[in-house]
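Below is one structure, written out as structure tokens; the observations come after it.
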Amino acid sequence: MRVLGIDPGLRNMGWGVVDVQGSRITHVANGICHGLGDNLAERLLALYQGLSAVMIAHAPDRAAVEQTFVNKDAVGTLKLGQARGIALLVVAQAGIEVGEYAPNAVKKAVVGVGHAAKAQIDHMVRLQLPGVALAGPDAADALAIAICHAHHLQSAGHLDKALAKAAARVAS
1 MRVLGIDPGL RNMGWGVVDV QGSRITHVAN GICHGLGDNL AERLLALYQG LSAVMIAHAP
61 DRAAVEQTFV NKDAVGTLKL GQARGIALLV VAQAGIEVGE YAPNAVKKAV VGVGHAAKAQ
121 IDHMVRLQLP GVALAGPDAA DALAIAICHA HHLQSAGHLD KALAKAAARV AS
């Protein structure tokens with residue numbers, strides 16, 4: 001299974017791809033799509049094109065996007081939401097179901113605490129993906145999102161198997 005994690009941002013949209021085989025998670029690629037342009041529409045188009053190219057190049061089976069947290073700057077939150085919309089659109093166009101995680105849930109899954117600093121996320125991503133060369137903090141966050149989603153999918157798979165086994169016992 002190949003998982004794409006996306007850290008939405010209007011100027012820098014981080015992305016990270018990992019492969020999952022059983023309990024083993026390995027790094028495939030990571031990078032940053034840049035929202036270039038003089039106005040919002042141009043930046044959103046650049047993000048769309050960049051993330052679409054990532055989808056084509058790496059063909060993920062699953063994807064996850066970090067949820068937007070509301071801060072004091074309502075205009076900034078709205079703009080971030082538009083970048084997040086681009087991420088959701090690109091993934092949905094590929095026919096992939098999207099997992100969505102709150103920033104604190106991602107931090108807790110990867111670092112162990114929900115209020116981890118960027119440096120802690122970077123460190124734990126490097127620890128879990130030995131030898132990874134990170135394109136920047138946004139890419140590290142995206143890989144953390146991919147790792148979080150991979151753990152979630154692994155847990156869901158174990159639960160599904162256990163439920164199927166229990167249902168088979170009841171039926172016989």
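Per the working numbering, residue 1 is the first one in the sequence shown, and the count goes up by one each step.
From the three backbone atoms N, C-alpha and C, an ideal C-beta is built for every residue, glycine too.
Note to self: Just to confirm the assignment, what range does the alpha helix (DSSP H) spanning ILE56 have?
What the structure shows: To locate residue 56, count along the sequence shown from 1; it is residue 56. Taken as a continuous stretch (DSSP letters only), the alpha helix (DSSP H) holding ILE56 covers 40 to 58.
Notebook entry, point to check: Between ILE25 and the rest of its own chain, which residues show a CB-CB distance below 8 angstroms, the 5 nearest in sequence each way excluded?
Noted result: Reading the sequence shown from its first residue, position 25 is the one you call residue 25. Here the set comprises VAL18, ASP19, GLN128, LEU129, ILE147 and ALA150.
Checklist line | Cβ shell of ILE32 (< 6 angstroms), same chain only, five flanking positions each side left out | finding: Reading the sequence shown from its first residue, position 32 is the one you call residue 32. Leaving aside the five residues that flank ILE32 on each side, the residues in its chain whose CB is nearer than 6 angstroms to its CB run, in chain order, ASN12, GLY14, ALA135, GLY136, ASP138 and ALA139.
Notebook entry, point to check: Are there 16 or more other CB atoms within 10 angstroms of the CB of ALA116, so buried, or fewer, so exposed?
Noted result: Mapped onto the sequence shown, residue 116 falls at position 116. Buried, since its Cβ has 16 or more Cβ neighbours within 10 Å.
Check: Going by beta carbon distance, what residues of the same chain come within less than 6 angstroms of HIS158, once the five residues before and after it are set aside?
Finding: The residue you call residue 158 lines up with position 158 of the sequence shown. Its pLDDT being 48, under 50, HIS158 is placed unreliably by the model, and the measurement read from it follows with that caveat. Excluding positions up to five away in sequence, the list is empty.
Note to self: Distance cutoff 7 angstroms, beta carbons only. Does LEU80 sit that close to anything in chain B?
What the structure shows: Reference to chain B is not applicable here, since this structure consists of a single protein chain.
Check: To the nearest angstrom, how far is it from the Cα of GLN67 to the Cα of ALA102?
Finding: Working through the sequence shown from its first residue, we reach residue 67 at position 67. Working through the sequence shown from its first residue, we reach residue 102 at position 102. A direct Cα-to-Cα measurement between GLN67 and ALA102 gives close to 5 angstroms.
Notebook entry, point to check: If you pair each beta-carbon of the region 33 to 53 with each one of the region 70 to 77, do three or more pairs fall below 8 angstroms?
Noted result: Per the Cβ contact rule, the region 33 to 53 is not in contact with the region 70 to 77 (fewer than 3 Cβ pairs under 8 angstroms).
Next item on the list: For HIS58, collect the residues of the same chain with a Cβ closer than 8 angstroms to its Cβ; drop the 5 residues on either side in sequence, then sort them by chain order.
Entry: Locating residue 58 in the sequence shown gives position 58, where the first residue counts as 1. ARG2, LEU4, VAL17, VAL28 and ALA29, listed in sequence order.
Margin query: Checking 7 angstroms against the spacing of the C-beta atoms, do LEU10 and LYS79 come in under that value?
Written below: Position 10 of the sequence shown holds residue 10. Position 79 of the sequence shown holds residue 79. At the C-beta level, LEU10 and LYS79 come within 7 angstroms of one another.
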